[in-house]
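Enquirer:
Residue numbers (our numbering): 67 to 197.
1) Buried or exposed: residue 106, going by 16 or more other Cβ atoms within 10 Å of its Cβ?
2) Between residue 130 and residue 118, is the Cβ-Cβ spacing less than 9 Å?
3) Just how far apart, CA to CA, sit residue 113 and residue 122?
4) To the nearest angstrom, report how far apart residue 154 and residue 162 are at their CA atoms.
5) Residue 94 and residue 81 - do their beta-carbons sit closer together than 9 Å?
6) Pull up the CB-CB distance for residue 70 and residue 102, whole angstroms please, since I reckon it's below 8 Å.
7) According to DSSP, is residue 108 part of a helix, a strand, or is it coil?
8) Go ahead and label residue 116 buried or exposed: buried means 16 or more other beta carbons lie within 10 angstroms of its beta carbon, across all protein chains shown.
9) Determine the direct distance from the alpha carbon of residue 79 to that of residue 138, and round the result to whole angstroms.
10) Taking Cβ positions, are residue 88 and residue 75 nearer each other than 9 Å?
11) Any idea what DSSP makes of residue 91, helix, strand or coil?
12) Tell me which same chain residues have a C-beta within less than 8 Å of the C-beta of residue 77, skipping the five on either side of it?
13) Which whole-angstrom value describes the C-beta separation of residue 84 and residue 158, a residue pair presumed to lie in contact below a C-beta threshold of 8 Å?
Structure follows, in structure tokens:
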């Protein structure tokens with residue numbers, strides 16, 4: 067596919083998100099798993115992760131609940147922002163084999179070593195050839 071050059075978007079303010087996306091791009095380039103057409107997804111992954119980290123930081127310093135105009139206790143909008151940003155990031159990461167589950171699925175589809183033929187294989191193989 068070729069090496070992809072990707073600079074994190076200027077809107078990414080979190081240093082952890084910048085470092086993470088650089089590491090992801092390096093990893094995917096080493097695996098020869100991305101091409102130029104993947105740049106929009108990399109942008110989406112970077113911005114989602116940055117938004118998740120920003121919302122998480124805000125929520126860790128403040129309460130995840132607030133009072134609405136009626137004086138009722140409700141969850142703060144940052145709770146939804148955090149969840150939606152994480153879900154968007156996870157969905158994109160999953161497509162590139164960056165989650166445990168997606169790596170396991172990719173590995174299960176990789177070609178297996180040729181196993182030695184058993185007598186049962188030979189028996190059924192011979193039966194199929196006869197027809």
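For each residue, glycine too, the CB sits at the ideal point set by N, CA and C.
Expert: According to the structure data:
1) The residue given as residue 106 occupies position 40 in the chain shown. Classification for residue 106: exposed.
2) As a first step, residue 130 is located in the chain shown; it is residue number 64 there, counting from the start. As a first step, residue 118 is located in the chain shown; it is residue number 52 there, counting from the start. No, the pair does not count as a contact, with Cβ atoms beyond the cut-off.
3) Working through the chain shown from its first residue, we reach residue 113 at position 47. Working through the chain shown from its first residue, we reach residue 122 at position 56. Inter-residue distance for residue 113 and residue 122 is about 14 Å (C-alpha atoms, whole angstroms).
4) Counting from 1 along the chain shown, the entry for residue 154 is found at position 88. Counting from 1 along the chain shown, the entry for residue 162 is found at position 96. Between the C-alpha atoms of residue 154 and residue 162 there is a straight-line separation of about 13 Å.
5) Along the chain shown, one-based indexing puts residue 81 at 15. Along the chain shown, one-based indexing puts residue 94 at 28. Contact: no.
6) As a position in the chain shown, residue 70 is number 4, starting the count at 1. As a position in the chain shown, residue 102 is number 36, starting the count at 1. That pair is a contact at about 6 Å.
7) Your numbering for residue 108 matches position 42 in the chain shown. Helix.
8) Sequence index remark: in the chain shown, residue 116 carries index 50 (1-based). Buried, since its Cβ has 16 or more Cβ neighbours within 10 Å.
9) Residue mapping note: residue 138 aligns to position 72 of the chain shown, counting from 1. Residue mapping note: residue 79 aligns to position 13 of the chain shown, counting from 1. Answer to the nearest angstrom: the Cα atoms are 33 Å apart.
10) On the chain shown, residue 88 is found 22 positions in, with the first residue counted as 1. On the chain shown, residue 75 is found 9 positions in, with the first residue counted as 1. No, they are not a contact pair.
11) Taking the first residue of the chain shown as 1, we reach residue 91 at position 25. In the three-state reduction of the DSSP assignment, residue 91 falls in the helix class.
12) Taking the chain shown and counting its residues from 1, the one referred to as residue 77 is at position 11. Beyond the five residues adjoining it in sequence on each side, residue 77 comes within less than 8 Å, by CB distance, of 113, 116 in the same chain, given in chain order.
13) Indexing the chain shown from 1 puts residue 84 at position 18. Indexing the chain shown from 1 puts residue 158 at position 92. Between residue 158 and residue 84 the Cβ distance is about 16 Å, and since that is not below 8 Å, they are no contact.
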